[in-house]
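Residue numbering for the sequence shown follows the numbering used here, starting at 1 and increasing by one per position.
A virtual CB, placed ideally from N, CA and C, is assigned to each residue, including glycine.
Below is one structure; the comments refer to it alone.
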Amino acid sequence: MQKKALAHLGYVVPHLDRALKQFQREGGKILIPPIEDPLQKVKVCLLQLDEIVHIELVSPLHPDDHPVKARLRRGGGLDHLCYYVENLETALLLEQQQGGMVVCPPIYAVAFEREIAFVHRRSGLLIELMCL
1 MQKKALAHLG YVVPHLDRAL KQFQREGGKI LIPPIEDPLQ KVKVCLLQLD
51 EIVHIELVSP LHPDDHPVKA RLRRGGGLDH LCYYVENLET ALLLEQQQGG
101 MVVCPPIYAV AFEREIAFVH RRSGLLIELM CL
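This is the structure we're talking about:
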């Protein structure tokens with residue numbers, strides 16, 4: 001498969017500002033400050049922990065209409081793994097050939113200024129693919 005590297009771990013939180021303060025108290029450094037993404041209906045920010053791990057905090061923009069509703073009903077927390085890929089369409093095709101189901105076709109991610117897509121694997125893992 002043409003995945004290049006782990007980009008970040010996605011972590012769903014009900015309130016981004018509160019979670020951001022907690023992660024900062026634990027040593028998190030802001031790489032991308034909080035930004036609203038109206039296309040995905042979420043607010044996100046990217047942090048660096050322990051010099052190597054990047055965490056994307058994701059919270060809903062609107063209380064009733066957002067893609068992270070199911071994860072928040074289960075208390076939030078670790079949501080997805082994000083990989084950099086050279087070609088999004090090729091990576092999606094490979095994921096589908098291995099039994100993955102595309103749950104979010106390619107969409108522009110405001111925070112990262114590039115296209116992303118999401119695949120739900122049979123194992124239960126939610127994978128985000130992000131163009132280099």
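Please classify residue i: does DSSP put it in a helix, a strand, or coil?
i, result
"Ala117", "strand"
"Gln48", "strand"
"Lys41", "coil"
"Asp17", "helix"
"Leu78", "strand"
"Leu61", "coil"
"Leu132", "coil"
When every heavy atom of the ligand MG is checked, does at least one fall within less than 7 Å of the C-beta of residue i?
i, result
"Val85", "The model depicted lacks the ligand MG and carries no ligand whatsoever."
By DSSP's criteria, residue i is part of a beta bridge. Which residues make up the other side?
i, result
"Glu56", "Gly10 and Leu46"
"Ala91", "DSSP lists no partner for Ala91."
"Ala111", "Its beta-bridge partners do not exist; DSSP assigns none."
"Leu126", "His120"
From residue i to residue j, what does the alpha carbon distance come to, in whole angstroms?
i, j, result
"Val68", "Val12", "7 Å"
"Pro63", "Asp17", "15 Å"
"Tyr84", "Pro14", "26 Å"
"Arg71", "Glu56", "15 Å"
"Leu6", "Met130", "10 Å"
"Ile30", "Cys45", "8 Å"
"Ile35", "Lys21", "15 Å"
"Glu95", "Leu47", "27 Å"
"Pro106", "Gln97", "17 Å"
"Phe112", "Ile32", "9 Å"
"Glu86", "Arg114", "12 Å"
Shorter than 8 Å from the beta carbon of residue i to some beta carbon of chain C?
i, result
"His62", "This model lacks chain C altogether, as it is built from one protein chain only."
In its own chain, which residues sit with a C-beta less than 6 Å from the C-beta of residue i, not counting the 5 before and 5 after it?
i, result
"Glu128", "His80, Cys82, Ile116 and Phe118"
"Arg122", "Gly99"
For residue i, I'd like the list of residues in its chain whose CB is within less than 7 Å of its CB, leaving aside the five on either flank, ordered along the chain.
i, result
"His120", "Gly100, Met101, Val103 and Leu126"
"Val110", "Ile35, Asp37 and Leu39"
Given residue i, which residues of its chain have a CB within under 8 Å of its CB, disregarding the five upstream and five downstream residues?
i, result
"Lys41", "Pro60, Leu61, His62, Asp65, His66 and Pro67"
"Lys43", "Leu16, Pro34, Ile35, Glu36, Asp37, Val58, Ser59, Pro60 and Leu61"
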